[in-house]
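**Q** Encoded as structure tokens, here's the structure I'll be asking about.
Number of protein chains: 2
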Amino acid sequence: MSKITYESVLIIGMGLIGSSIARILKEKKLSNKIFALDKDNKVINTSRNLNLVDKIENDLNQYKDQFDIIFICTPLSSYKNIFDQLNTYITKETFLTDVGSTKLSVIKDFKQSVNNKNILFVPAHPIAGLEKSGPEYGFAKLFENRYCILTPIDSNDNLTKSISNIWKSFGMTIEIMEPKRHDRVLAMTSHIPQLIAYSVVGTATELETQMKDEVIKYSAAGFRDFTRLAGSDPVMWRDVYAKNKEAVLEMLGRFSEDLLTYQKAIRNNDLKYLEEKFNKSKEIRKIIEDIGQAGTFDPTEKN
Amino acid sequence: MSKITYESVLIIGMGLIGSSIARILKEKKLSNKIFALDKDNKVINTSRNLNLVDKIENDLNQYKDQFDIIFICTPLSSYKNIFDQLNTYITKETFLTDVGSTKLSVIKDFKQSVNNKNILFVPAHPIAGLEKSGPEYGFAKLFENRYCILTPIDSNDNLTKSISNIWKSFGMTIEIMEPKRHDRVLAMTSHIPQLIAYSVVGTATELETQMKDEVIKYSAAGFRDFTRLAGSDPVMWRDVYAKNKEAVLEMLGRFSEDLLTYQKAIRNNDLKYLEEKFNKSKEIRKIIEDIGQAGTFDPTEKN
Chain A
1 MSKITYESVL IIGMGLIGSS IARILKEKKL SNKIFALDKD NKVINTSRNL NLVDKIENDL
61 NQYKDQFDII FICTPLSSYK NIFDQLNTYI TKETFLTDVG STKLSVIKDF KQSVNNKNIL
121 FVPAHPIAGL EKSGPEYGFA KLFENRYCIL TPIDSNDNLT KSISNIWKSF GMTIEIMEPK
181 RHDRVLAMTS HIPQLIAYSV VGTATELETQ MKDEVIKYSA AGFRDFTRLA GSDPVMWRDV
241 YAKNKEAVLE MLGRFSEDLL TYQKAIRNND LKYLEEKFNK SKEIRKIIED IGQAGTFDPT
301 EKN
Chain B
1 MSKITYESVL IIGMGLIGSS IARILKEKKL SNKIFALDKD NKVINTSRNL NLVDKIENDL
61 NQYKDQFDII FICTPLSSYK NIFDQLNTYI TKETFLTDVG STKLSVIKDF KQSVNNKNIL
121 FVPAHPIAGL EKSGPEYGFA KLFENRYCIL TPIDSNDNLT KSISNIWKSF GMTIEIMEPK
181 RHDRVLAMTS HIPQLIAYSV VGTATELETQ MKDEVIKYSA AGFRDFTRLA GSDPVMWRDV
241 YAKNKEAVLE MLGRFSEDLL TYQKAIRNND LKYLEEKFNK SKEIRKIIED IGQAGTFDPT
301 EKN
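Chains as they are written, first to last, in the numbering used here: chain A, 1 to 303; chain B, 1 to 303.
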């Protein structure tokens, strides 16, 4: 694939994902100038100290530039306002893409705010992340060998191809999906596991003090996997549940029903049922390892 | 701490944990001879091929030796039978310890089977593991900097000290606990997270085929953390739920109640509740990282 080089890129939101985009753009020399926006002074200072971008401001109007491409990497509740601002600011043809975890809501917000034909938007969701938040944790390899789902608004093949190429240049594999389907699939692969992780950790925090201390102390027994997910950014996740309510409630219902069958099997000493179910789940793990989407876990501690 | 050296050690069950014990005994030269028992021919062959022990058999009666110390590292349902055999086989003073995930049931089985005063048993639970099973996945560092919980049957301080020193020599930190308390704490830190992980993965396997394929494909979004746990040994876990039924059902009830409050908050758009809860869970993660019990997760793939 030929190398794409832009004159200028704007990243809105310099958290884990935004800062990883900044890093890969720099590392692969994909843009001459990398600009950023963030509302949080701490994030602005960290981005400056780490020299992640050429310039970072807290307001779009502090820029006088136009951009070749803009990435939105903020919590979903801020999209509406960002779209409104871009709608008045943009004066030349500009590619726009995002990293939001829901897609129906993003498209709805976009359609309500934007009538500026210079804004060429293809919604995206790079399936890559880490439980850490903040620009200090980003890294260029975050996207490597991961999927990026695009949910184009119109069937503009050229535009979709252009935005695809951007994400491909980060090392990602592109998949095109209907936004509604995206939101259902991600409810199951992401929003439900995350909610359950929060909930399990929440249950532990409400135990009596001594018990709680011991749960933390002996967390290496499995609980720590849930806390890893629960280490993610609370505001980002709060917004996901607000924006993907319908699919989340559907999948949560399915999960609760299934969990009840396990509970019943334990109560009735139905060991055969449990073993069969556990074997099926183990097979799924094997497939995920085989397709190279498992990541690697090291049970020892790094210093 | 002075180095302990035994003349001979017997490991019953050469899975992930048993084979890790074999490896650390060998690496630290803690025993002159390392013997093993396993019922599974595949495990026996792997142990022989990897040269993990001096001798491995599938029946205790194929040995003519006595041992200084015996480790039981098998699923909980086999304990009763093992205790019965040891009760007739052992003719000299022998330390006995185990690695079982429940302790009340182990003590009950022991008391029912063993009246041989040469058997000096202190139940143990090293809080260390990995989602893999089988001797090929064991490694000597598995126990390093992890807790080992001992639940002594009698207040024999000398015996407890001797068994403590064995686990300490593997790099573990020893904690003494009432068996009942152990079973409740572990229900929360281990048995419930594991069951929920199985259940989430199970829910995904019951989706229609295309949806299921996509859930697997995009598992890097969070789902994979659950599949990691669900990759563990099904028989071992089946036994845990049979043996720790009461505490598991209690904690499962607490979790289900909590999950319903999240579900309700999503349905009612109570974003404030969600954000507060998520923030609390994030704090717990921070503590677990600070005390060095988090392990490390690498979101990239190793080849």
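Virtual Cβ for every residue (Gly too), placed ideally from N, Cα, C.
Do LEU186(A) and SER164(A) come within 8 angstroms of each other at the CB atom, strictly closer than that value?
**A** no
**Q** Let me confirm a value: LYS282(B) is counted as buried when at least 16 other C-beta atoms fall within 10 Å, else exposed. Which label applies?
**A** buried
**Q** Taking the alpha helix (DSSP H) that ILE44(A) falls in, what are its first and last residues?
**A** Here the alpha helix (DSSP H) through ILE44(A) covers 41-49.
**Q** Beta-carbon of LEU252(A) versus every beta-carbon of chain B: anything under 8 angstroms?
**A** yes
**Q** Report yes or no: do three or more beta-carbon pairs, one from the segment 189-197 of chain B and one from the segment 219-227 of chain A, lie closer than 8 angstroms?
**A** yes
**Q** Here's the rule: buried if 16 or more other CB atoms are within 10 angstroms of the residue's CB, otherwise exposed. What is SER155(A)?
**A** Classification of SER155(A): exposed, given that the 10 Å Cβ count is below 16.
**Q** With LYS326(B) as the anchor, note down where its alpha helix (DSSP H) starts and where it stops.
**A** Absent from the structure is residue 326(B), since the part of chain B shown begins at 1 and ends at 303.
**Q** If you pair each beta-carbon of the segment 60-79 of chain B with each one of the segment 42-50 of chain B, do three or more pairs fall below 8 angstroms?
**A** no
**Q** Reducing DSSP to helix, strand and coil, say where LEU189(A) ends up.
**A** For the record, residue 189(A) in the displayed sequence is Thr; it is not Leu. Three-state DSSP puts THR189(A) in a helix.
**Q** Using a Cβ-Cβ distance cut-off of 8 angstroms, determine whether GLY295(A) contacts chain B.
**A** yes
**Q** Tell me which residues share the same chain as PHE226(B) and place their Cβ nearer than 7 angstroms to its Cβ, disregarding the 5 neighbours each side in the sequence.
**A** ALA197, VAL200, VAL201
**Q** Smallest Cα separation from GLY295(A): which of LYS108(A), ARG146(A), LYS39(A), ILE82(A)?
**A** ARG146(A)
**Q** Measure the C-alpha to C-alpha separation of LEU16(B) and MET236(B) and round it to an integer number of angstroms.
**A** 11 angstroms
**Q** Output, in chain order, the set of chain A residues within a Cβ distance shorter than 9 angstroms of ASP258(B).
**A** SER199, VAL200, GLY202, THR203, GLU206
**Q** Can you pull the chain A residues whose beta carbon is under 7 angstroms from the beta carbon of ASN269(B), in chain order?
**A** ALA242
**Q** Would you check if the distance between the CB atom of ASP334(B) and the CB atom of THR91(B) is smaller than 8 angstroms?
**A** In the structure as shown, chain B starts at 1 and stops at 303, and residue 334(B) therefore has no counterpart that could be examined.
**Q** Using a Cβ cut-off of 8 angstroms (strictly closer), state whether ASN279(A) contacts chain B.
**A** yes
**Q** Are there three or more Cβ pairs, one per stretch, closer than 8 angstroms when the segment 242-258 of chain A is compared with the segment 205-212 of chain A?
**A** Below 8 angstroms, too few C-beta pairs join the segment 242-258 of chain A and the segment 205-212 of chain A to call them touching: fewer than three.
**Q** Taking only three categories from DSSP, how would you classify SER8(B)?
**A** Residue state, collapsed to three classes: strand.
**Q** The alpha helix (DSSP H) spanning ALA242(B) covers which residue range?
**A** 234-243
**Q** Cα separation between THR309(B) and VAL122(B)?
**A** In this structure chain B extends from 1 to 303, so residue 309(B) is not present and cannot be described.
**Q** If you draw a straight line from the alpha carbon of LEU260(A) to that of GLY253(B), how long is it in whole angstroms?
**A** 10 angstroms
**Q** What does a CB cutoff of less than 6 angstroms around PHE170(A) pick up in its chain, not counting 5 residues either side in sequence?
**A** ILE24, PHE143
**Q** Against chain B, with Cβ distances strictly below 8 angstroms, would ILE11(A) count as a contact?
**A** No, its Cβ sits nowhere closer than 8 angstroms to a Cβ of chain B.
**Q** With 16 other CB atoms within 10 Å as the buried threshold, where does SER20(A) fall?
**A** buried
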